[in-house]
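The sequence shown begins at 52 in the numbering used here and counts up one residue at a time. Comments concern the structure below.
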Amino acid sequence: MGLDQLWASWRSMYVTGAAERRAAMPGDLPEDAPDDGRSLFERILDSGAPDEETFILARGATCFVILNRFPYTSGHLMVLPNRAAPDLEDLDDAEFTELWSLVRHAVVVLKSTLRCDGVNVGINLGRAAGGSQADHLHVHCVPRWVGDANFMGVVGGAQVMPVSLGEQWRRLRDHWDPSGTLGS
């Protein structure tokens, strides 16, 4: 008898945005951080916390790069505009250009640093498309290796992350560029 569907229901906490049920992680915004109408990513960007705590890899003039706190695999990062823009058509020309330039650079860094066999690049526009932070578009760059799929997540309910977020941040940041920033 064949297996028709595989379920990874442990991901539902992330997908439904149930932050109160997630374990606190280093660099998270404090629970009492005011919700001042800015997006989660704007608040992280402007938190004043060091990049090694927020896992921000690079800051550009209009966009930034950050490791995903709930990664599909080690090295999963996101490229975002500095301001919350829900859709691609909301970006101005400078944001659009820098966003895709950073995505291209992120792919190069992931391939050279992690020696991955490929990279999934994707964007979910709107909640119906799977965007859990639909108010602030973000491009996912997920490194992939031949044979990296396994049943741990489905059968065991666990993700196997061979590298911690902090260690991954250091490895990628060291290969991004010396300052972690991009020219204007």
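Ideal Cβ positions, reconstructed from N, Cα and C, are used throughout, including at glycine. Source: prediction; values computed, not measured.
Which residue from the options puts its Cα closest to that of residue i?
i	options	result
Val214	Arg120, Leu96, Gly173 and Arg89	Arg120
Gly198	Ala145, Met129 and Gly169	Gly169
Met129	His187, Gly217 and Asp225	His187
Glu218	Ala185, Leu153, Glu104 and Gly181	Glu104
Trp196	Gly181, Leu118, Ala185 and Cys167	Cys167
Assuming the contact rule is C-beta atoms closer than 8 Å, residue i and residue j should be a hit. Round their C-beta distance to whole Å, please.
i	j	result
Leu131	His191	Incorrect: roughly 10 Å between the Cβ atoms, too far for contact.
Leu165	Pro194	5 Å
Leu91	Asn133	So it is not a contact: roughly 13 Å between Cβ atoms.
Trp220	Leu118	6 Å
If you draw a straight line from the alpha carbon of residue i to that of residue j, how long is it in whole angstroms?
i	j	result
Ile174	Gly126	17 Å
Val116	Ser183	18 Å
Leu223	Phe106	10 Å
Gly111	Glu149	8 Å
Leu57	Ala179	Low local confidence applies: a pLDDT of 45 at Leu57 is under 50, so the model's placement there is unreliable, with the coordinate-based value given in what follows. Roughly 21 Å separates the two Cα atoms.
Leu216	Asp87	28 Å
Val172	Ala109	18 Å
Trp227	Thr113	17 Å
His93	Ala145	Before going on, a small fix: residue 93 reads as Glu here, not His. Approximately 18 Å, taken between the alpha carbons.
Trp151	Leu139	11 Å
Leu142	Pro101	27 Å
Asn99	Arg89	Reading off the sequence shown, one finds Gly at residue 99, where the question assumed Asn. Their Cα atoms are separated by approximately 15 Å.
Ala136	Ser163	30 Å
Thr124	Gly177	23 Å
For the alpha helix (DSSP H) holding residue i, just list the boundary residues, first then last.
i	result
Gly217	Leu216 to Trp227
Asp102	Asp102 to Thr105
Along the beta strand (DSSP E) that carries residue i, what are the first and last residues, could you check?
i	result
Ala157	Counting along the chain, Ala157 falls outside any beta strand (DSSP E), though it belongs to the alpha helix (DSSP H) covering Asp144 to Leu165.
Leu131	Leu128 to Pro132
His191	Val190 to Arg195
Asn171	Gly169 to Ile174
Please classify residue i: does DSSP put it in a helix, a strand, or coil?
i	result
Ala180	helix
Arg120	coil
Arg110	strand
Arg89	coil
Val205	Low confidence applies to Val205: its pLDDT is 45, below 50, so where it sits in the model is not reliable enough to give any reading.
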